[in-house]
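What follows is a set of notes on a single structure, which appears directly below.
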Ligand SMILES: Cc1cc2nc3c(=O)[nH]c(=O)nc-3n(C[C@H](O)[C@H](O)[C@H](O)COP(=O)(O)OP(=O)(O)OC[C@H]3O[C@@H](n4cnc5c(N)ncnc54)[C@H](O)[C@@H]3O)c2cc1C
Ligand SMILES: NC(=O)c1ccc[n+]([C@@H]2O[C@H](COP(=O)([O-])OP(=O)(O)OC[C@H]3O[C@@H](n4cnc5c(N)ncnc54)[C@H](O)[C@@H]3O)[C@@H](O)[C@H]2O)c1
Ligand SMILES: Cc1cc2nc3c(=O)[nH]c(=O)nc-3n(C[C@H](O)[C@H](O)[C@H](O)COP(=O)(O)O)c2cc1C
Ligand SMILES: [Zn+2]
């Protein structure tokens, strides 16, 4: 059923009894042409584009829990494309362009909100780094502009730009097309779209093993809902990638860390944009419902616990209160964690693996939500064609051997 | 002044201390000991808020932490705090509170039109299905409208004048909750000699005991027993009692967060008192005694002001001496409803009747009620209420044997009490990662297998009733003390008489006979989630309770589902046709109730947000009017403007004077590490690219450090003091990282080496004296060192004295001029600095800051790690191959340098760039391209790393990393800027004195 | 370093003066000779030369007269001695240890001391220090590096209600000011 | 905040005093020049990252300053054991069995 104001009215008058399931919940078939492991935004988007653009309909997404329940459902939803290196710029800008039409594409309002993402500079080094981004982005046609502290405050009036504070704000880089989106809707919208194209989305179905034939190529999957035969597997398991890849005997350059986020109680709008400060480690935006959505860096140790330490929230909030002194009396409503898979160069791995038929899309670390549509789009190409799309060609596993890293962290250490 | 609904006597408020407060501008009386909620009720005020989506009028549902409706803004100016629960706000004289989410007024709120929209139009998730066309309208039209309606309260508009504090605490037994179970646990544990912390979020310890009327413990009223017990605990030096102290989170290894409110309840607190204190408690053992939360019923219009939890009404009459109405209808499915009815009746309210949902109405409660002359109707439900801003009546329905409801009588009442049973507060247990188990009989989740050293007691463990809670509390306290290493036995359980023990309960939507399309029965009051919303979510394929939660927002409000989660689960389970435990629970997360941001931040605030590191000569620089820059935690003198100078002018003057005569510069922030031991040289060989074995004592060398991936990590001048002793310097920002990196290799890889590392960064003040007259300035001050060119060549190091102070004197230069760096013990830094400065005046010495330092080094093509490098740069890229000890078999990073990508010809290499127009200054970070207007998407050749106006070169200069740059020398490239490209010529990155003739003088 | 001849003015990183409030006294420490000794094999020889047995047990200290040796790590000691020892002690230690591999580094000016004493000292320190400070858990004579909010310190209990804090000089004002702030709070209580 | 037993200090100490050091027992090749690019990449970057018992390095930075090793369960974050740097890697399976029987 197409979603629109009209259908809403019609259904409301009929007691909302006529809404169909947004996606089917079938049992797994014995075999598929391809199986995507992981029903997060990236996995669902991959399946959607495989069906839509590559005509693969006999495919499935298997998800160990509930779809969107991984990092897709627990991230702070910052979207931007003003990355430093050309490879990253290409990938994230590809995603940003897709975000711009995604609600219409999916007929699902994902509430992509281009409210602007502002990154604060607190010292001379920050200025150099952010200006480097601004210039690099402009060359690639990606919007990113430099603001004075006064302009930054005009854009976000609750910002403290006093000079005498511990880490005064000396400028900011602003990407106006950056913003946020409603994270759950992204998963649901892709699931609905994929399901309508025939993709089987199988929840509560954990992959427990990967079978390989005599040649070493992928031949099937074992799951908590039985075995599935397939010759193509796309692993999009975020924090659990190492675990799934180990089932195929592949070791990964990944470590999984807890990353926490929190929300305040909802208040009337006080903040029209997203603000990030890497130097003092915190970022904040306000959701359409009114709560302040806040995050920072990972906990210090690897973990699959989806929780973290109290001191991390303390450090996040002391920074937030310095940047925005008017929120000091506001209150934390909920604090949660996700598990992010981090690569040594803080860039994702999207492509083939040493195992024929096995493809991987991982390593998004603390910042992959923004890439969801683009990542799914190029990974669909990769899995369907067996070779990377030009946009993800550089994001190989092999770069860790050659040293051809795409080091966003080294250059800027900007997360998200 | 007389509050009309105040009882004549009784309750725990202090009638001798009348107070006055305002709500929405109107002044009311109250008493010390009231909450804002009890005081409002005492004044007959029931309408206290508006709901989130439909803006429905809302009253007080509860008397505690679970309150979803009565959110108010309290205070003024910087102390204004939104979204506080009136049930938790303690009254003080002069308190100012206002209602929220309404316009223009609480009684008449325009937003209520949402409630009049066709039924179901604004149902769960409707916004995902619309506002998509035309493209762009979301951003320009719909989202702005939606955002305007967002939020509940208004955020404070001014910075918070209060402050917050922290305390780490340790105990043998932490008891959370001071009701019957918690008090008993604390008694037992303290009795065994354990160090106990007992924390309760309320202003008074006693929990449910304070709300009791009928029951006695050891012959005294329950509340009196609580008082006595608290007094006994207070007298025990091993016990710390924390009131107004919410335990908000249970973290790994029995680490719990507690936030204590210290001043919010006082009208004029001592100004030095913090507003809140966060306790960070590491407990050997924990007893959770957090009680249970009463469930409302989900029936049409169950949200009208005057519909209230039965236990809340009981608390208002018994504890606060307030009648929450005049004519009460009690709707119950639990024995506890009868206790409430009885208490209200004895407080003089008319109890119209008791509607008992269950078919049997012959339990102890019903029997007592009937004995007291109250009417009890079994198999009876409330199917709706009349009255919009306040209940005026209720309609009843009878449940037939087939479960169908037939309409019954309408009764006039102004209070409808709901006693739907009790949901144990297992939040903290669940946060501790204990496994919950589902109790089939009572249909509730209870603590199951523990993951940490804790146990639950009392209502939170499903043990209801005072006697049973006391017994379980004693046992839990004794068990905790025993496990913490004390010999403990549970004290004898006191004799409890006259209590009505909660039993029964109901889950899910109450059946009714009304047109489901026309009514709203609320599950999550604050977020306006109705039973229909939950069913719709299930219909749309949201089969996981997590999806139901997120699609409907059930349980996501500021009460975090305390009254709604189990109801939502029951309704979803019904819709899915699956038993509750198979549908599952959503995750309990910290905090239990919202916690102030400021409490997390504590003292990390303002200038104490991070330590401010100042050098030994900071005050001198400040007195000279230096402008400082932040480098890590350090404040470094950036430039020294004279009257009327901007940075550019100051830097130009400083640079010229250094080259013309001499300058003084504070290098104290440079990292310093003393590497000592028989294997010191070998260690240096392995950690730095350069060879060290042959460096003679008394000589220095520029050292380059790589990470294991082969990329430049740090650099600095390193002096050899003795065969077994090196004085290593690092970059300012890199100092801790370099030391940690060295320790890592030393302790875990190169364990064969006998060498030790000691940070001496702060031992030495470093005074750089640079310029052709540097020697002349120092000569008169130095003792015991011949600093002549012959005796002390460039890159050498001597020990002796300066101004009588022991010094390590380096002859080094980061300016390209004759230069020395005077290291003196830090306490003498300023005195020596001043002496050098005084001497320097004979040579027109200038003090220069980091900006001039950068210019001077750039003129010479010296790199700055972190500016010319970004973690992706190799020594070769920088033209520093000369710094690599080729003969060394290995050093950290060496192997990586031969990886395929690191030996590619077109790597970015450090070059100089000169603009065609010498007056044009490039911008650092600007990109370098082969053509003036590169096609969008063409990769850049590189970027400008440094750019300055060079007084020495008399023009602008720049350094850049450019692909294959060294082979491009002489080429014209372009730096595209927003307003056109700048043509540049590629050069050597050395712009002044390329032969270094000024150095060796 | 013989300091006998030094005439240059010495400036402590702390300009504050000793004061008492709410039962807690804060005192900026006087200058001390501070040496870091590294190398387990050198400990024995150091015992005699220093005049106090270097503690071999973790997190302990040993004192002899005005000298103290604090265990900081299995092969790391912080040796504290009066300023007046500066002329002789480093040299005599160095010669006593000549045969054993070791590192001896003078850090007299790297750090400074803050002395905290009085009945409210434990809760005061526990505003920032994450260690249990009861005498049972942190007895007199215990010494260790630890965290003080966002700074690192060495915390040494010198008496049942007295602690000696060693802190790097640039962090000293931060530690002092935080102690002062909480002392005021606690006094208001 | 985790509570970590430092095997050198022989005390339980708060996480704030420690620095995490990644997977343990990844030995630097004795002669790096002899290993292939693949092997070198393995050493530099590839990690087990297990969901379960993890053998890892910590350093008691704001304590005794020593690196040591620990076995921690990465789902519960519970430390099973800690031991001094240089001591052999414990038998994880035996530890897992011990944990199981202790339940
Ligand atoms: C707190 C937090 C804040 C963040 N903030 C931002 C931000 O502001 N901006 C941004 O761009 N990014 C952010 N991120 C990162 C972003 O969330 C992720 O990069 C992104 O969501 C990854 O999407 P995904 O679909 O790959 O992963 P997920 O959504 O995690 O999906 C992976 C799925 O794989 C499933 N799975 C795992 N193992 C198996 C198995 N064996 N069998 C079957 N299924 C399996 C998981 O259950 C999961 O659902 C944040 C992350 C967190 C945790
Ligand atoms: N009269 C009533 O209205 C009423 C209400 C509740 C319980 N009871 C009775 O009390 C007995 C149960 O006693 P109990 O001790 O188990 O429960 P209790 O409700 O008496 O006490 C629980 C206490 O825990 C506190 N608390 C809950 N969560 C907290 C947190 N996170 N941090 C700090 N404090 C927290 C509450 O403020 C409360 O004081 C039963 O008989 C029950 O029927 C009576
Ligand atoms: C952008 C964003 C906004 C959120 N807003 C709320 C909120 O208003 N109320 C709430 O209870 N939780 C909110 N959450 C948190 C979720 O309830 C939940 O904690 C999160 O999805 C992680 O799941 P878990 O806690 O069930 O593990 C939000 C999460 C995200 C990612
Ligand atoms: Zn230790």
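Residue numbers (my numbering), protein chains in the order written: chain A, 84 to 499; chain B, 18 to 1018; chain C, 25 to 213; chain D, 520 to 622.
Note that the Cβ used here is the ideal one computed from N, Cα and C, for glycine as well.
Just so it is clear, the structure is predicted and the values come from calculations on it, not from any experiment.
Helix, strand or coil for residue i? Go by DSSP, reduced to three states.
| i | result |
| --- | --- |
| residue 213(C) | coil |
| residue 540(D) | strand |
| residue 550(D) | coil |
| residue 450(B) | coil |
| residue 819(B) | strand |
| residue 660(B) | coil |
Residue i to residue j, Cα distance in whole Å?
| i | j | result |
| --- | --- | --- |
| residue 496(A) | residue 740(B) | Confidence is the limiting factor: at residue 496(A) the pLDDT is only 43, short of 50, which leaves the residue's position unreliable and the question unanswerable from this model. |
| residue 709(B) | residue 699(B) | 7 Å |
| residue 537(D) | residue 761(B) | 13 Å |
| residue 638(B) | residue 869(B) | 15 Å |
| residue 486(A) | residue 677(B) | 46 Å |
Say whether chain A places a C-beta atom closer than 9 Å to the C-beta of residue i.
| i | result |
| --- | --- |
| residue 919(B) | yes |
| residue 858(B) | no |
Does any residue of chain B bring its CB to less than 9 Å from the CB of residue i?
| i | result |
| --- | --- |
| residue 126(C) | yes |
| residue 405(A) | yes |
Tell whether a beta-carbon distance below 9 Å holds between residue i and residue j.
| i | j | result |
| --- | --- | --- |
| residue 542(B) | residue 35(B) | no |
| residue 103(A) | residue 310(A) | no |
| residue 45(B) | residue 55(B) | no |
| residue 188(B) | residue 305(B) | no |
| residue 200(B) | residue 237(B) | no |
| residue 562(B) | residue 601(B) | yes |
| residue 539(D) | residue 383(A) | yes |
| residue 310(B) | residue 440(B) | yes |
| residue 316(A) | residue 442(A) | yes |
| residue 717(B) | residue 614(B) | no |
Let me see if you follow: with CB-CB separation under 9 Å, is residue i close to chain E or not?
| i | result |
| --- | --- |
| residue 145(A) | The structure shown contains no chain E; its protein chains are A, B, C and D. |
Would a check of beta-carbon distances place residue i closer than 9 Å to chain D?
| i | result |
| --- | --- |
| residue 96(C) | yes |
Strictly under 9 Å for the Cβ-Cβ distance: is residue i near chain C by that measure?
| i | result |
| --- | --- |
| residue 536(D) | yes |
Would you mind listing the beta strand (DSSP E) stretches within the stretch 294–343 of chain A that are 3+ residues and don't spill past its ends, in chain order? Taking 3 residues as the minimum length, the beta strand (DSSP E) runs contained wholly in the stretch 294–343 of chain A are 301–306, 309–312, 316–318, in order along the chain.
Could I get the ranges of all uninterrupted beta strand (DSSP E) runs contained in the stretch 48–127 of chain B, with 3 residues as the minimum, in chain order? If only complete runs of 3 or more residues are kept, the stretch 48–127 of chain B shows the beta strand (DSSP E) at 88–91, 98–102, 113–116, in order along the chain.
What are the uninterrupted segments assigned as alpha helix (DSSP H) that are 4 or more residues long and contained completely in the stretch 474–553 of chain B, given in chain order? Runs of the alpha helix (DSSP H) inside the stretch 474–553 of chain B: 483–500.
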